[in-house]
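Have a look at the structure below, then the notes.
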Amino acid sequence: MSGTAERISLLPKKRNGAGDGDGDGVRGPVETGTGTRARRSSERLWWTGRLELVAAAAAEADSGVRGALAVERKRLRRVVGLSLVLPIFFTGTSLSEKILLDWLMWSKSPDYTVDYAYDYSPSGKLRSSEAVPRGGERCLLKVYVYDFPRRLHLGMLKNTVLDQDLPWTDDETPPVWPLRSGLKKQHNVEYWMMVDLLDRRISRDGDRQVVRVSNPEHADLFFVPFFSSLSFNRYGHYMRDPDTEKDRLLQEEAANLTMSSKYWKRSGGQDHIIPVHHPNAFRFYRNMLNASIFIVADFGRNPPEVSSLRKDVVAPYTHVVPTYVDDNEEDPFNSRKTLLFFQGRIKRKDVRTQFSAPIALCDGVVRTQLASVLQNQTEVHFEDGTATEEGLQQATVGMRSSKFCLHPAGDTPSSCRLFDAIASHCVPVIISDKIELPYEDVLDYSTFALFYSVEESLEPDWLVEQLRNISQEQWLAMWIRLKQVAHHFEYQFPTKRDDAVNMIWRELHKKVPEVKLKMHRKQRLKIADWWTW
C-alpha cells in the first residue's frame, strides 16, 4: 500500500498527562466512572475514523491497480486478436464476419452491458453516459440490410442503371443525392440511413453508431431498403390513379418481399426498420406493416394502432436552407432586426381523410388564422412563399436576420420550417399542439425554442407581446444553445459524431431491449399474450 495509506498512522498517539491538549490523543488518565466511559467512547471514535481512512486509501489504490490492469489487458487482447482475425476477415466469408464481431466484443470488455442513459454537457456534446459498454467503448447496433432490387431504393436516383432487378453491391459507389431535388430533399432520411449502412469504414471517435452484418442471425434489427418517401414524391405525388399506380406497385413489391422473409415471420416484424418519413409514404401497406419500427416525421396522419411514439422513431426533416456556419456576430441580438419571421404556404391542403382513419381538421388551418393576426404587425415578416430557388434564398436571408422564426403546423403537426430555423440559429416559435420532436429523450427543446398553444397565439397582439418581453439575455442563451445542438440535425456522408443519422441509430438502439423481450416471450408463451404492448 502506498500514497495516502502510507501517511495514515494506525496507532493512537501516546497519551499525555491531563492538561496536555494533543487533539489527536486521548485526553487525561482518568480510569473510573464517567471519565472511563468518555475515554472508551473517544477511542472508539478515533479507531473508526482511522479505519475509514485506511479503507478509502486501500480502495483508491486498488482501483488504480485494477484500472491499469484493465487497460493493459485490453491492449494485449486487441494486438493478439487483430493479428489472428484480420487474415481470416479478408476472406469475405460469413464465418469471418462472426469471428470479427466476436473478437470486437471480446477485446472491449468481459462485461458488455450497455447503459442507455443520456446526458449533456454545457458544450452540447453527449457525456460519457451515452450508450456504452462498461468497458468504456461503444456497443454498435448490428443491422442486416435486405438485398432488395435496386429499383426499390438507390436505383430511383440512378436511372441509367441497366439491371434494376439486381441488389446494390458493396463494390458500387452509391449515387449522391441530387442537389436540385426541391422539396423531395425534406424526407430523404431513408437515403442517408442506407448509404451509412453501405459504408464499410471502421468507426473512429464515435463517428458511427451502427455496423452492417451480412449474416441475419447476428442482427439486432433489420433494415427494409425501400425509399417509400421518394417513391411517393416521384410517382404518387398527385394521389390520383393512374398517376400513382407505379408507386402502388413498388409498395406492393417491397411489402411482399419483406413479409415473406423468415425473419419477419419470426418476430412479426417487430425488429424491422421501415423509413416512412413522408406522411403519405407506404400509404397502401402501412396497416399491414404496423408492427415494425417506422421512421416518421410525426404522427399526424396515422391512427395509434399504426404508428406511435412508443414503437417508432421521430426523425428530423432535412433542412432546405443552407447551414449558417459563420454565425459569429459580436452582437447577434441587435444585428437581427426582424422580431418574428415566417415565409411559406399560408393556405394548406384541407385533407379530411387519410388511409381509413378520419381526421377532424387539417393542422394547416392555423396558418390562415395566424395570418390575420400577424400580417400587419410591426417587426413581423409574415408572407406567402413557395419553395423556388429564389424563395429559398429569400428565406435564408430572412431567417438569419430574425430573432424568432415562426413554426405553425402544416398539413401535419410538423414541417421542415422548424429545422430550417435551427440551421439558421433563429429561435423557433412552435405553434402546433400535437407536435412530436426528434430525440426528445435527449434534448430539452425548451432551452432553445418557445412553445405556445394555438388558442393563445390567436389572441390579437398576444404573441408579439410575448416575444417582445423576451430579454436579450434570455434570447442569447437560446441562441447559444441552438448553435450547440444544430449538428444533431445535419444529414451527411460520411457521418460525423452525434449528427442526425447517428442520433437516429441511437434511438433505434434503445428500442432493442423491448423488441427482444417481446420476441423471447412470444417464443415460450402457450396462450395469448395478456399484455398490451
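So the sequence shown is numbered by the working numbering: it starts at 416 and just counts up by one. Cβ coordinates follow ideal geometry from the N, Cα and C atoms, glycine included.
Exercise for the section: Output the boundary residues of the alpha helix (DSSP H) element that contains G813. Expected result: Stepping through the sequence shown from its first residue, residue 813 is reached at position 398. Per DSSP, G813 belongs to the alpha helix (DSSP H) from 804-815.
Practice task
Taking F757 as the reference, give the member of P823, V740, V735, F699 with the closest Cα.
Solution key: Residue numbering aside, residue 757 sits at position 342 when the sequence shown is read from its first letter. The shortest Cα separation from F757 among P823, V740, V735, F699 belongs to P823.
Exercise for the section: Kindly give me the distance between the Cβ atoms of I845 and D713, rounded to whole angstroms, as I take these residues to be in contact under 8 Å. Expected result: Along the sequence shown, one-based indexing puts residue 845 at 430. Along the sequence shown, one-based indexing puts residue 713 at 298. About 12 Å; that fails the 8 Å criterion.
Handout entry: One or two residues paired with T753 in a DSSP bridge
Key = Within the sequence shown, residue 753 is the residue found at index 338, counting from 1. Its beta-bridge partners are S817.
Practice task
Return the chain-ordered list of same chain residues with a C-beta closer than 6 Å to the C-beta of H602, the five sequence neighbours on each side being excluded.
Solution key: Residue 602 sits at position 187 when you count from the first residue of the sequence shown. The residues are S644, H692, H693.
Handout entry: Beta-carbon proximity list for E794, same chain, < 6 Å, skipping 5 on both sides
Key = Here the question's residue 794 lines up with position 379 in the sequence shown. Counting only Cβ-Cβ distances below 6 Å, and skipping sequence neighbours, we find L754.
Handout entry: Beta-carbon proximity check, Y559 vs V628, cutoff 7 Å
Key = Taking the sequence shown and counting its residues from 1, the one referred to as residue 559 is at position 144. Taking the sequence shown and counting its residues from 1, the one referred to as residue 628 is at position 213. In this structure, the beta-carbon distance from Y559 to V628 falls below 7 Å.
Handout entry: Assigned secondary structure, Y739 (DSSP; H/G/I helix, E/B strand, else coil)
Key = Walking along the sequence shown from the start, residue 739 turns up at place 324. In the three-state DSSP reduction, Y739 falls in the coil class, being neither helix nor strand.
Exercise for the section: Would you decide whether Y606 is buried or exposed? Buried here means 16 or more other CB atoms lie within 10 Å of its CB. Expected result: If you number the sequence shown from 1, residue 606 lands on position 191. It is buried - the Cβ of Y606 has at least 16 other Cβ atoms within 10 Å.
Practice task
Alpha carbon to alpha carbon, how far is A669 from F504? Give it in angstroms, no decimals.
Solution key: Residue 504 sits at position 89 when you count from the first residue of the sequence shown. Residue 669 sits at position 254 when you count from the first residue of the sequence shown. Residue confidence is low: F504 scores 46 on pLDDT, short of 50, so the model does not pin down where it sits. Its coordinate-derived value is still stated next. Straight-line Cα distance between these residues: approximately 32 Å.
Practice task
With F834 as the anchor, note down where its alpha helix (DSSP H) starts and where it stops.
Solution key: On the sequence shown, residue 834 is found 419 positions in, with the first residue counted as 1. Run containing F834: 832-838, per the alpha helix (DSSP H) assignment.
Exercise for the section: In angstroms with no decimal places, state the Cα-to-Cα distance between T588 and H924. Expected result: Here residue 588 corresponds to residue number 173 of the sequence shown, with the count starting at 1. Here residue 924 corresponds to residue number 509 of the sequence shown, with the count starting at 1. Taking the straight line joining both Cα atoms gives about 27 Å.
Practice task
Would you list the one or two residues that DSSP bridges to V558?
Solution key: Along the sequence shown, one-based indexing puts residue 558 at 143. R627, L636.
Practice task
Tell me, please, whether the segment 800-815 touches the segment 869-883 by the rule of three or more beta-carbon pairs shorter than 8 Å.
Solution key: With a cut-off of 8 Å, the segment 869-883 and the segment 800-815 do not count as touching, because too few Cβ pairs lie within range.
Practice task
Tell me where the alpha helix (DSSP H) around H935 begins and ends.
Solution key: Numbered from its first residue, the sequence shown carries residue 935 at position 520. Taken as a continuous stretch (DSSP letters only), the alpha helix (DSSP H) holding H935 covers 927-939.
Practice task
Measure the alpha-carbon distance for N695 versus R760 and round it to whole angstroms.
Solution key: Within the sequence shown, numbered from 1, the residue matching residue 695 stands at position 280. Within the sequence shown, numbered from 1, the residue matching residue 760 stands at position 345. Near 19 Å, if we compare the C-alpha coordinates of R760 and N695.
Exercise for the section: Starting from D611, trace the alpha helix (DSSP H) both ways and give me its first and last residue. Expected result: For the purposes of this step, residue 611 is taken as residue 196 along the sequence shown, with counting starting at 1. Unbroken alpha helix (DSSP H) run through D611: 604-613.
Exercise for the section: Provide the residue(s) that pair with F797 in DSSP beta bridges, ordered along the chain. Expected result: The residue you call residue 797 lines up with position 382 of the sequence shown. Answer is F757.
Problem - Ranges of the alpha helix (DSSP H) found wholly within the segment 886-933, counting only runs of at least 4 - result: Runs of the alpha helix (DSSP H) inside the segment 886-933: 887-900, 915-924.
Exercise for the section: Taking the CB atoms as reference points, tell me whether V930 and D622 lie closer together than 7 Å. Expected result: Locating residue 930 in the sequence shown gives position 515, counting from the first residue. Locating residue 622 in the sequence shown gives position 207, counting from the first residue. In this structure, V930 sits away from D622, with a CB-CB distance that is not shorter than 7 Å.
Exercise for the section: Please determine, among S847, G570, V857, D580, the residue with the shortest C-alpha to C-alpha distance to P593. Expected result: Against the sequence shown, residue 593 aligns to sequence position 178. Of the listed residues, the one whose Cα sits closest to P593 is G570.
Exercise for the section: Compute the distance between the beta-carbons of M893 and V842, then report whether it is under 7 Å. Expected result: Stepping through the sequence shown from its first residue, residue 893 is reached at position 478. Stepping through the sequence shown from its first residue, residue 842 is reached at position 427. In terms of Cβ geometry, M893 and V842 form a close pair [threshold 7 Å].
Handout entry: V869, enclosing alpha helix (DSSP H) - first and last residue
Key = Along the sequence shown, one-based indexing puts residue 869 at 454. Here the alpha helix (DSSP H) through V869 covers 869-872.
Problem - Residues near D662 in its chain [Cβ-Cβ closer than 6 Å; skip 5 each side] - result: The residue labelled residue 662 in the question sits at position 247 within the sequence shown. Counting only Cβ-Cβ distances below 6 Å, and skipping sequence neighbours, we find S646, F647, Y650, G651.
Exercise for the section: Would you give the residue range spanned by the alpha helix (DSSP H) that V844 belongs to? Expected result: By 1-based counting over the sequence shown, the position of residue 844 is 429. Not the alpha helix (DSSP H): V844 falls in the beta strand (DSSP E), residues 842-846.
Practice task
List the whole-angstrom C-beta distance separating K898 from H840, where the pair is believed to meet the contact cut-off of C-beta under 8 Å.
Solution key: Here residue 898 is taken as the residue at index 483 of the sequence shown, counted from 1. Here residue 840 is taken as the residue at index 425 of the sequence shown, counted from 1. With 8 Å as the limit, K898 and H840 qualify as a contact, their Cβ atoms being about 6 Å apart.
Handout entry: Residue interval of the beta strand (DSSP E) (run including V711)
Key = Taking the first residue of the sequence shown as 1, we reach residue 711 at position 296. That run of the beta strand (DSSP E) goes 708-711.
Handout entry: Coil, strand or helix - V729 by DSSP
Key = Taking the sequence shown and counting its residues from 1, one reaches residue 729 at position 314. Correct three-state label for V729: strand.
Handout entry: Whole-angstrom distance between P928 and V728, CA atom to CA atom
Key = What you label residue 728 is simply residue 313 of the sequence shown in a count that begins at 1. What you label residue 928 is simply residue 513 of the sequence shown in a count that begins at 1. Between the C-alpha atoms of V728 and P928 there is a straight-line separation of about 15 Å.
Problem - Endpoints, beta strand (DSSP E) assigned at H687 - result: Taking the first residue of the sequence shown as 1, we reach residue 687 at position 272. It spans 687-690 - the beta strand (DSSP E) in which H687 sits, taken as one unbroken run.
Problem - Selected residue, minimal CA-CA separation from L987, among P590, L572, I885, F563 - result: This structure does not reach residue 987, given that the chain is present from 416 up to 948, and the question cannot be answered.
Handout entry: Neighbour-count burial assignment, L932, 16 or more Cβ in a 10 Å radius
Key = For the purposes of this step, residue 932 is identified with residue 517 of the sequence shown, where counting begins at 1. With fewer than 16 other CB atoms across the displayed protein chains lying within 10 angstroms of its CB, L932 is exposed.
Practice task
Could you name the residues of the same chain whose beta carbon sits closer than 6 Å to that of Q887, not counting the 5 residues immediately before and after it, in chain order?
Solution key: As a working mapping, residue 887 is identified with position 472 in the sequence shown. A distance below 6 Å between beta-carbons, with the five flanking residues on each side excluded, links Q887 to the following residues of its chain, in chain order: F748.
Practice task
Could you have a look at L594 and say whether DSSP puts it in helix, strand or coil?
Solution key: In the sequence shown, the residue the question calls residue 594 occupies position 179. In the three-state reduction of the DSSP assignment, L594 falls in the coil class, being assigned neither a helical nor a strand state.
Exercise for the section: For L807, I'd like the list of residues in its chain whose CB is within less than 7 Å of its CB, leaving aside the five on either flank, ordered along the chain. Expected result: On the sequence shown, residue 807 is found 392 positions in, with the first residue counted as 1. Correct list, in chain order: V735, V736.
Practice task
Count the other C-beta atoms from every protein chain shown that fall within 10 angstroms of the C-beta of Q889, then say buried if there are 16 or more, exposed otherwise.
Solution key: Position 474 of the sequence shown, counted from the start, is the residue given in the question as residue 889. Classification of Q889: exposed, given that the 10 Å Cβ count is below 16.
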